[in-house]
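Here is the structure we will look at, set down as structure tokens.
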Amino acid sequence: MEFYVVMEVIEKILQPTDWVNAVVVIEKPDKSLRVCIDPHDLNKAIKRPHHPMPTFDEAILRHAGAKLFTKSDARHGYCSLVLDEESSQLTTFNTPYGRYKFKRMPFGLISAQDEIQRRMEEAFEGIQGFFVIVDDIIISRKTVEEHDANVRSALIRAHEKGV
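Using our numbering, read the sequence shown as starting at -3 and increasing by one per residue.
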């Protein structure tokens, strides 16, 4: 828990809140742990933004004719989404060490994928050969020079936008 507090993903909360979610700890493939909430009841009350998700067919069309590809993962993509105070309060969860709330978007919220897709598309808008599905990124171009220039542009933009 302390790691997530230090990284400013969660913070301890003492005041009463309208929602308290159960905590779920999941082992990731690399054997590290991910702290999640079980937002089953909360998801019923959230108004989902419904941002359109790209399709596989769109990905194929976007990369037609490309010869060079880079696939990347926005490793902490969800954590780049800072919650406003009202939303943060709704993510309160109980642990044996006290109650905490997420300061950044937790996994499992019904609106999470729509929100990260929208923000990623906005962050990388205008970069040629760039395609994003949630936190997975594909960059493709026909020549080494174009490809390398786009990868550099994407890295600079990711740094500027905090994703």
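Heads up, the beta-carbon is just placed ideally off N, CA and C, and yes, glycines get one too.
Within the region 36 to 123, ranges of the alpha helix (DSSP H) (whole runs, at least 4 residues): 36 to 41, 52 to 58, 81 to 86 and 108 to 119
Extent of the continuous alpha helix (DSSP H) to which Lys157 belongs: Looking up residue 157 in the sequence shown gives position 161. Unbroken alpha helix (DSSP H) run through Lys157: Val140 to Lys157.
Among Asp37, Ser28, Gly122 and Trp15, the one whose alpha carbon lies nearest that of Met(-3): Indexing the sequence shown from 1 puts residue -3 at position 1. Residue Ser28 is the option with its Cα nearest to Met(-3).
Cα-Cα separation between Asp131 and Leu77, rounded to whole angstroms: Position 135 of the sequence shown, counted from the first residue, corresponds to residue 131. Position 81 of the sequence shown, counted from the first residue, corresponds to residue 77. Their Cα atoms are separated by approximately 12 Å.
First through last residue of the beta strand (DSSP E) which encompasses Val167: With the chain covering only -3 through 159, there is no way to say anything about residue 167.
Coil, strand or helix - Glu(-2) by DSSP: Residue mapping note: residue -2 aligns to position 2 of the sequence shown, counting from 1. Correct three-state label for Glu(-2): helix.
Segment limits, beta strand (DSSP E) that includes Lys8: Against the sequence shown, residue 8 aligns to sequence position 12. Residues Ile6 to Lys8.
8 Å contact criterion, which Phe103 and Tyr74 should meet: CB distance rounded: In the sequence shown, counting from the first residue as 1, residue 103 sits at position 107. In the sequence shown, counting from the first residue as 1, residue 74 sits at position 78. That pair is a contact at about 6 Å.
Asp132 - partner residues in DSSP beta bridges: Taking the first residue of the sequence shown as 1, we reach residue 132 at position 136. In the DSSP output, where bridge partners are listed per residue, Asp132 has Asp69 and Ile129.
Straight-line gap, Gly55 to Pro12 (C-alpha atoms, nearest Å): Locating residue 55 in the sequence shown gives position 59, counting from the first residue. Locating residue 12 in the sequence shown gives position 16, counting from the first residue. Note that residue 55 is Ala in the sequence shown here, rather than Gly. The straight-line gap from Cα to Cα measures roughly 46 Å.
Nearest-angstrom Cα separation, counted from Met3 out to Ser143: Position 147 of the sequence shown, counting from 1, holds the residue named residue 143. Position 7 of the sequence shown, counting from 1, holds the residue named residue 3. The sequence given here has His at residue 143, not Ser. Those two C-alpha atoms are separated by around 33 Å.
Leu10 to Leu86 span [Cα, whole Å]: What you label residue 10 is simply residue 14 of the sequence shown in a count that begins at 1. What you label residue 86 is simply residue 90 of the sequence shown in a count that begins at 1. Roughly 14 Å between the two C-alpha positions.
Backbone secondary structure at Val21 - three-state DSSP: Here the question's residue 21 lines up with position 25 in the sequence shown. Strand at Val21.
Minimum C-alpha distance to Ala18 - residue among Pro48, Lys24 and Asn90: Position 22 of the sequence shown, counted from the start, is the residue given in the question as residue 18. Selected option, being the one with the closest Cα: Asn90.
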